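Asks: 14 is the number of the first residue of the sequence shown in our numbering; add one for each residue after it.
For glycine and all other residues, C-beta sits at the position ideal for the given N, C-alpha and C.
All figures in this text were calculated on a predicted structure; none of them were measured in a lab.
One structure coming up, written as structure tokens, with questions to follow.
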Amino acid sequence: MADQFDSALDLLRRLNPKHTSRNLNLICDLVPDLTEDLLSSVDQPLEVRPCKKTGRDYLLCDYNRDGDSWRSPWSNEFDPPVSDAELPSERVRKMEIRANEAFDVYRELYYEGGISSVYFWGLDDGFAGVVLLKKLSPSASAANASSGSWDSIHVFEATDRTRSAHYKLTSTVILNLGSSGEALGELELSGNMTRQVEQDMPVEDDGSHVVNVGKLVENMELKMRNLLQEVYFGKAKDVVGDLRSIPSLTETNKDRATQREMISSMNR
């Protein structure tokens with residue numbers, strides 16, 4: 014079983030990240046015994062569902078799932094209902110509500126749209142949670158059609174200490190970009206990135222936990238965005254530049270001639 018699980022993870026890493034959800038479902042159909050382990054181990058683009066009680070959209074992940082039901086962070090209810098579902102304690106739920114309110118503001122400031130969802134659950138020596146953010150940006154015109162999606166998954170553990178807490182954050186960003194048009198043809202750019210950080214931070218009350226988690230997620234997203242810009246966009250620009258020059262051949266030859274003339278005049 015362990016060999017099959019490792020092989021499945023290795024296969025998913027080698028396939029197109031854009032089709033992770035489809036490939037994951039196909040592997041689960043082939044080896045049903047791996048379903049639970051794969052769903053809890055493989056990050057995939059987040060799905061959206063409306064909350065029946067509040068009408069607000071929320072994001073689905075393994076951390077708010079119970080079988081085939083998902084818990085809404087806005088109503089704290091499962092859809093479809095689960096009779097014996099495990100819900101967060103009163104203390105954890107209060108922090109979860111405050112965190113959802115805080116990250117809803119964060120989402121609007123940084124993403125100017127999109128959807129956010131935060132889920133907390135208790136631990137023996139503290140609590141844990143996940144912060145989810147999703148933004149779709151489709152645009153189309155007669156000459157060009159482009160689309161993009163950004164999925165952020167931030168899983169953390171908070172261990173209580175005397176007047177402080179130890180936080181361990183694991184963040185994953187899934188990026189999908191696509192463009193097609195008569196001038197450039199079709200282009201797809203997909204990938205994901207995972208980073209971890211651990212840090213001790215002061216805590217005065219439960220509200221401090223929400224502030225601390227917010228700072229950790231904000232700093233991590235800024236770092237990962239800069240890395241993605243350097244790795245994906247910078248590398249793609251270099252590759253395209255090596256394959257096809259932007260200026261016309263006439264302009265390129267003129268520049269080369271000017272350069273040779275300058276070098277010749279300096280050698281005289």
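(1) If we count the other Cβ atoms within 10 Å of its Cβ and call it buried at 16 or more, is residue 162 buried or exposed?
(2) From the DSSP output, read off the bridge partner residues of residue 213.
(3) Count the C-beta pairs between the stretch 67-74 and the stretch 89-107 that are closer than 8 angstroms, then say yes if the count reaches three, no if not.
(4) Measure the CB-CB distance between residue 165 and residue 243 and report whether it falls below 9 angstroms.
(5) Note the first and the last residue of the continuous beta strand (DSSP E) segment covering residue 141.
(6) Suppose the cutoff is 7 angstroms on Cβ atoms and the five residues either side in sequence are ignored; what does the same chain contact list for residue 223 look like?
(7) When the Cα of residue 175 is compared with those of 208, 216, 160, 159, which residue comes out closest?
(8) Between the C-alpha atoms of residue 54 and residue 270, what's the straight-line distance to the nearest angstrom?
(9) Spatial neighbours of residue 189 within its chain, please: C-beta separation below 6 angstroms, excluding the five flanking residues on both sides.
(10) Flag this pair as yes or no: are the beta carbons of residue 4 and residue 47 separated by less than 9 angstroms?
(11) At 4 residues or longer, and completely inside the stretch 35-100: list those alpha helix (DSSP H) runs for me, N to C.
(12) Within a Cβ cutoff of 6 angstroms, which residues of the same chain sit near residue 33, ignoring the five residues on either side of it in sequence?
(13) On the three-pair Cβ rule with 8 angstroms, is the stretch 75-87 touching the stretch 177-191?
(14) Kindly indicate which residue of 29, 134, 209, 228 has the alpha-carbon position closest to the one of residue 201.
(15) Specify, as a first and last residue, the run of the beta strand (DSSP E) that residue 135 falls within.
(16) Using the Cβ count rule (16 or more neighbours within 10 Å means buried), how would you classify residue 218?
(17) Going by CA-CA distance only, name the one from 133, 220, 143 that's closest to residue 177.
(18) Starting from residue 24, trace the alpha helix (DSSP H) both ways and give me its first and last residue.
(19) Who are residue 206's beta bridge partners in DSSP?
(20) Rounded to the nearest angstrom, what separates residue 44 and residue 80 at their Cα positions?
(21) Give me the Cβ distance between residue 169 and residue 226, rounded to the nearest whole Å; I'm assuming they're in contact under 8 angstroms.
Replies: Taking the structure as given:
(1) buried
(2) 179
(3) no
(4) no
(5) 139-149
(6) 108, 111, 112, 115
(7) 216
(8) 58 angstroms
(9) 31, 162, 203
(10) What the structure shows of the chain is the stretch from 14 to 281, and residue 4 is not part of that stretch, so it cannot be assessed.
(11) 48-54
(12) 57
(13) no
(14) 29
(15) 128-136
(16) exposed
(17) 220
(18) 15-27
(19) 186
(20) 18 angstroms
(21) 6 angstroms
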